[in-house]
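**Q**
Protein chains: 4
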Amino acid sequence: MNTGLQSAPKLGRPRDEAARVAILKAANAILEKEGIAGFTIEAVAARAGVSKTTIYRWWPSRGALAVAGFLAEMEPKIAYPNTGSSLMDLVAQLKRVAAVYGSAAGRVLAAIIAEGQRDPHTLVAFMDGYARPRREEAKAILRAGIERGELSRDIDIDVALDALYGPIYYRMLVPLGPLDSTWVETLARSVLAGLAATK
Amino acid sequence: MNTGLQSAPKLGRPRDEAARVAILKAANAILEKEGIAGFTIEAVAARAGVSKTTIYRWWPSRGALAVAGFLAEMEPKIAYPNTGSSLMDLVAQLKRVAAVYGSAAGRVLAAIIAEGQRDPHTLVAFMDGYARPRREEAKAILRAGIERGELSRDIDIDVALDALYGPIYYRMLVPLGPLDSTWVETLARSVLAGLAATK
Amino acid sequence: MNTGLQSAPKLGRPRDEAARVAILKAANAILEKEGIAGFTIEAVAARAGVSKTTIYRWWPSRGALAVAGFLAEMEPKIAYPNTGSSLMDLVAQLKRVAAVYGSAAGRVLAAIIAEGQRDPHTLVAFMDGYARPRREEAKAILRAGIERGELSRDIDIDVALDALYGPIYYRMLVPLGPLDSTWVETLARSVLAGLAATK
Amino acid sequence: MNTGLQSAPKLGRPRDEAARVAILKAANAILEKEGIAGFTIEAVAARAGVSKTTIYRWWPSRGALAVAGFLAEMEPKIAYPNTGSSLMDLVAQLKRVAAVYGSAAGRVLAAIIAEGQRDPHTLVAFMDGYARPRREEAKAILRAGIERGELSRDIDIDVALDALYGPIYYRMLVPLGPLDSTWVETLARSVLAGLAATK
DNA sequence: ATGTAAACGAGACGGTACGTCCAGTCTTGAA
DNA sequence: TTCAAGACTGGACGTACCGTCTCGTTTACAT
Chain P
1 MNTGLQSAPK LGRPRDEAAR VAILKAANAI LEKEGIAGFT IEAVAARAGV
51 SKTTIYRWWP SRGALAVAGF LAEMEPKIAY PNTGSSLMDL VAQLKRVAAV
101 YGSAAGRVLA AIIAEGQRDP HTLVAFMDGY ARPRREEAKA ILRAGIERGE
151 LSRDIDIDVA LDALYGPIYY RMLVPLGPLD STWVETLARS VLAGLAATK
Chain L
1001 MNTGLQSAPK LGRPRDEAAR VAILKAANAI LEKEGIAGFT IEAVAARAGV
1051 SKTTIYRWWP SRGALAVAGF LAEMEPKIAY PNTGSSLMDL VAQLKRVAAV
1101 YGSAAGRVLA AIIAEGQRDP HTLVAFMDGY ARPRREEAKA ILRAGIERGE
1151 LSRDIDIDVA LDALYGPIYY RMLVPLGPLD STWVETLARS VLAGLAATK
Chain Y
2001 MNTGLQSAPK LGRPRDEAAR VAILKAANAI LEKEGIAGFT IEAVAARAGV
2051 SKTTIYRWWP SRGALAVAGF LAEMEPKIAY PNTGSSLMDL VAQLKRVAAV
2101 YGSAAGRVLA AIIAEGQRDP HTLVAFMDGY ARPRREEAKA ILRAGIERGE
2151 LSRDIDIDVA LDALYGPIYY RMLVPLGPLD STWVETLARS VLAGLAATK
Chain C
3001 MNTGLQSAPK LGRPRDEAAR VAILKAANAI LEKEGIAGFT IEAVAARAGV
3051 SKTTIYRWWP SRGALAVAGF LAEMEPKIAY PNTGSSLMDL VAQLKRVAAV
3101 YGSAAGRVLA AIIAEGQRDP HTLVAFMDGY ARPRREEAKA ILRAGIERGE
3151 LSRDIDIDVA LDALYGPIYY RMLVPLGPLD STWVETLARS VLAGLAATK
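Protein chains in written order, with the numbering used here: chain P, 1 to 199; chain L, 1001 to 1199; chain Y, 2001 to 2199; chain C, 3001 to 3199.
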């Protein structure tokens, strides 16, 4: 996936930026509307008004394209807020994430994780491009909270984040119940209470 | 999935039990070894030494077959223990579940959830046949714990179970870290502390 | 190319005869109308109302299909006559061949020879299925003529047939002039005179 | 094919002669080695170390390029000899042609004729640039032979040339037998006998 | 014992999408 | 103005499986 700017060889016809954008938009639209079932390279090409070749030139697989489309759409949507309080920031962002994942974007994300089970490259792309960076951001917040004394030094940061975000992904993929704000709040309160209680 | 015994028409050649078993075994084996990518009806038929027709006669779709195979293999493996203490039972079972999901069975389960994102019928089959029954068992334990006074009356049982099992599914599908017993213990302790702390 | 009747295993769904015929007819029609340029497997499939798979199941390549179509159409058209006189038979057949090759069938034949230059299998199929059998028939006639004393024992049968048929193929492929009956007659007279004059 | 010198615009960068030669050489080499199957513009460009653009700028189609390459290589090889005797000249040249067509050049020629069946422009280019000029030379020889009384005034020159050259092309395209000198001699003797016998 | 009815193996069939190749066109910067 | 590089649209390739179908064969029970 050559979305970024690398050595920029400058030779030959430059990449068509409009096509790139159209492809990512089409990928997202299809994933949102029809889910992974209708997400074929041919469908994306048709919707974007682009030839299959152009897609294959820039993205090695269906999954890579899905991830790229998701990132393009998501990146602006889930920045962490900054309220001065780690816990407030965390809860606020958790609610925002739950809201986003409960909407169309959640279907895209679910599709990507599903595709990731089929194609390891997709999983890697998703983890490198999205999952791990988000986790790092979240870790930073928790660490800040520890510095400020809002959280105990004894908590296991990874476990804490798994406990907070895991349930959201779980409900997104296995709809045992709704992903609404009441639920998130109850969850956050409960889990944070556990963290606070740690030793 | 007509695995059960219904009106038993009794006419004609009876169903070949050996074939049924061979198919489920083959389905599991393929799902474990190659994941969802290699899980095609043709592959299952070939491995089971059975014709495609026979598979389609009894299972309506790939997903239904996967779920059936998973249930056949799983059912015996994750019964709840009974130690007299709800919390002990819960933790023990949680650890067992994590261990099982971290092994080959986890790959099968991941494949089923992935297929469920593509085909709603598969999701329904999985939820009806597996997810919800397990959840009911777990709820019963928690309720018993409340009765016995081990747990507060104020906890939200569903949230509690999401907080306990969600992270396991999360790590199974998005490998941000290992699914080992240390992690499960830390997680369980932390979440249960939160539940206990609930006023 | 399993056009003929072989061991007839009898197992499974029997081949759809109507499809086979439709495919051969479509192949011929396209070859006649558009030449080798428009002769794609997809076009044949579409015209025959058949899936590509069905074509590939029975014919290994474009060329094999073209040859099969040609044989199906041609076989009845160029049997040798039998006038009692070898030379008369020969000339009569030569004229018929020229007439046929000058028509739509000629375009099919030209296409096959062209495809044969690209794909050796096609050439082999054409030679085994058509060129050599025809040549053998012609040789038999010449041999009969020698037996009856109509032709000299000294002629080289292969050279004689090359001299008679070569020019027809030449004109068919390289249109330096028409392939009409006047020309064939002149040619036949001239060449046969040469044969008669041999020693 | 703008190989010749036209109005000489003189403006801008001049045509790269080395590229022109490299392209023709590459075209020939590929045609000889891999036949028409491997003869793609991209392959020629790669082998010649030239961009596709440059090829398309000067030759309108694959066939045109093939013909140009063939002419560049062939022109010097098949000039008519001059022994003073038309018949001797004719036979000598016939043998030379057969020898050449039986070698690598024959594969190129066969490829061109094949391509000509697919693309009329190629056929025209081949006929205008090669087939007809050669035929005119041959006709001149026959006419000279008639003038000198070596040949009858009654022979049909076109038929005579078809009878002599047709079989060579035939054997080149449909390998029913070798294209060796023994065969050519027998053929020439036989056909010329027929011409001589023509009243 | 004989018929009837469903299960089964085999494999042909119409389709969809795959990922690739090449055609022929275009857009850029350098020569 | 030519050229190298390489992006672009587009058509066909040959393959893999899908889910359906049509056979002939097998197995049981009901007559």
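Just so it is clear, CB atoms sit at the ideal spot from N, CA and C, and this is done for glycine as well.
Since TRP1059 of chain L meets chain P, which of its residues come closer than 7 Å, beta carbon to beta carbon?
**A** Per Cβ cutoff of 7 Å: no residues; TRP1059 of chain L is ~19 Å from chain P at best.
**Q** Rank Y:TRP2059, Y:SER2152, Y:ARG2047 and Y:ALA2163 by C-alpha distance to the C-alpha of ALA2196 of chain Y and give the top, closest one.
**A** Y:SER2152
**Q** Could you give the residue range of the alpha helix (DSSP H) that holds ARG1062 of chain L?
**A** 1062 to 1074
**Q** When you compare the CB positions of TYR1170 of chain L and TYR169 of chain P, do they come within less than 7 Å of one another, or not?
**A** Cβ distance < 7 Å, so TYR1170 of chain L and TYR169 of chain P count as in contact.
**Q** Among C:PHE3126, C:ALA3046, C:THR3054 and C:ASN3082, which has the Cα closest to the Cα of MET3074 of chain C?
**A** Comparing Cα-Cα distances from MET3074 of chain C to each of C:PHE3126, C:ALA3046, C:THR3054 and C:ASN3082, the minimum goes to C:PHE3126.
**Q** Closest to SER61 of chain P by C-alpha separation, out of P:VAL21, P:VAL44 and P:PRO167, would be which residue?
**A** Of P:VAL21, P:VAL44 and P:PRO167, the residue nearest in Cα terms is P:VAL44.
**Q** By Cβ distance below 7 Å, which residues in the same chain neighbour LEU3094 of chain C in space, the five residues on each side in sequence not counted?
**A** LEU3164, VAL3184 and ALA3188
**Q** Three-state secondary structure (DSSP) at ASP3016 of chain C?
**A** Coil at ASP3016 of chain C, not helix or strand.
**Q** Keeping to the same chain, check which residues put their C-beta closer than 8 Å to that of ARG3047 of chain C; ignore five residues upstream and five downstream.
**A** ALA3026, ALA3029 and ILE3030
**Q** Under a three-way DSSP split, which group does LEU1011 of chain L fall into?
**A** coil
**Q** Which residues of the segment 1159 to 1170 of chain L have a Cβ closer than 8 Å to any Cβ of chain P? Give them in chain order.
**A** VAL1159, ALA1160, ASP1162, ALA1163, TYR1165, GLY1166, PRO1167, ILE1168, TYR1169 and TYR1170
**Q** Could you spell out where the alpha helix (DSSP H) holding PRO2209 of chain Y opens and where it closes?
**A** No answer is possible for residue 2209 of chain Y: it lies beyond the span of chain Y, which begins at 2001 and ends at 2199.
**Q** VAL1108 of chain L versus chain P: which residues are under 8 Å apart at the beta carbon?
**A** None at all; the shortest Cβ gap to chain P is about 10 Å.
**Q** Report the neighbours of ASP1156 of chain L on chain P: residues whose CB is nearer than 7 Å to its CB, in chain order.
**A** THR186
**Q** Quick check: what's the CA-CA separation for ASP1180 of chain L versus TRP2059 of chain Y?
**A** 55 Å
**Q** Taking Cβ positions, are GLY63 of chain P and GLU115 of chain P nearer each other than 7 Å?
**A** A contact, by the Cβ cut-off of 7 Å.
**Q** Does ARG3057 of chain C come out as helix, strand or coil in the three-state DSSP assignment?
**A** Shown here, ARG3057 of chain C sits in a helix according to DSSP, grouped into three states.
**Q** Would you mind telling me which residues of chain L sit closer than 7 Å to VAL191 of chain P, beta carbon to beta carbon, in chain order?
**A** Neighbours of VAL191 of chain P on chain L, chain order: ALA1163, VAL1191 and GLY1194.
**Q** For SER3103 of chain C, which three-state DSSP category applies?
**A** coil
**Q** Run through chain C and tell me which residues come within less than 7 Å of ALA2131 of chain Y, C-beta to C-beta.
**A** VAL3174 and LEU3176
**Q** On the criterion of 16 or more Cβ atoms from any shown chain inside 10 Å, does THR3182 of chain C qualify as buried, or is it exposed?
**A** exposed
**Q** Would ALA3048 of chain C count as contacting chain Y if we go by Cβ distances under 7 Å?
**A** no
**Q** How big is the Cα-Cα spacing for SER1190 of chain L and ARG1148 of chain L?
**A** The straight-line gap from Cα to Cα measures roughly 21 Å.
**Q** Say whether chain C places a C-beta atom closer than 7 Å to the C-beta of ARG2062 of chain Y.
**A** It does not; no Cβ of chain C falls within 7 Å.
**Q** Could you check the C-alpha separation between SER3051 of chain C and ALA3092 of chain C for me, to the nearest Å?
**A** 42 Å
**Q** Is the CB of GLN93 of chain P under 7 Å away from at least one CB in chain L?
**A** Interface criterion not met: the Cβ of GLN93 of chain P is under 7 Å from no Cβ in chain L.
**Q** If distances are taken between C-alpha atoms only, which option among Y:PHE2039, Y:ARG2134 and Y:PRO2175 comes closest to LEU2024 of chain Y?
**A** Y:PHE2039
**Q** In terms of residues, what are the limits of the alpha helix (DSSP H) holding LYS2166 of chain Y?
**A** According to the sequence displayed, residue 2166 of chain Y carries Gly and not Lys. First-last of the alpha helix (DSSP H) with GLY2166 of chain Y: 2157 to 2173.
**Q** Within 10 Å of its beta-carbon, does ARG15 of chain P have 16 or more other beta-carbons around it, so buried, or fewer, so exposed?
**A** exposed
**Q** Between which two residues does the alpha helix (DSSP H) harbouring ILE41 of chain P extend?
**A** 41 to 48
**Q** Does any C-beta atom of chain P lie closer than 7 Å to the C-beta of ALA1043 of chain L?
**A** No, ALA1043 of chain L lies away from the interface with chain P (no Cβ there is under 7 Å from its Cβ).
**Q** Any idea what DSSP makes of GLU150 of chain P, helix, strand or coil?
**A** coil
**Q** Does ASP2089 of chain Y come out as helix, strand or coil in the three-state DSSP assignment?
**A** Correct three-state label for ASP2089 of chain Y: helix.
**Q** Any beta carbon of chain C sitting closer than 7 Å to that of ALA2036 of chain Y?
**A** Here residue 2036 of chain Y turns out to be Ile, not Ala, going by the sequence shown. Judged by the 7 Å Cβ criterion, ILE2036 of chain Y is in contact with chain C.
**Q** Using CA atoms only, rank isn't needed, just tell me which of L:VAL1159, L:LEU1176, L:PRO1178 and L:MET1172 is closest to LEU1192 of chain L.
**A** L:VAL1159
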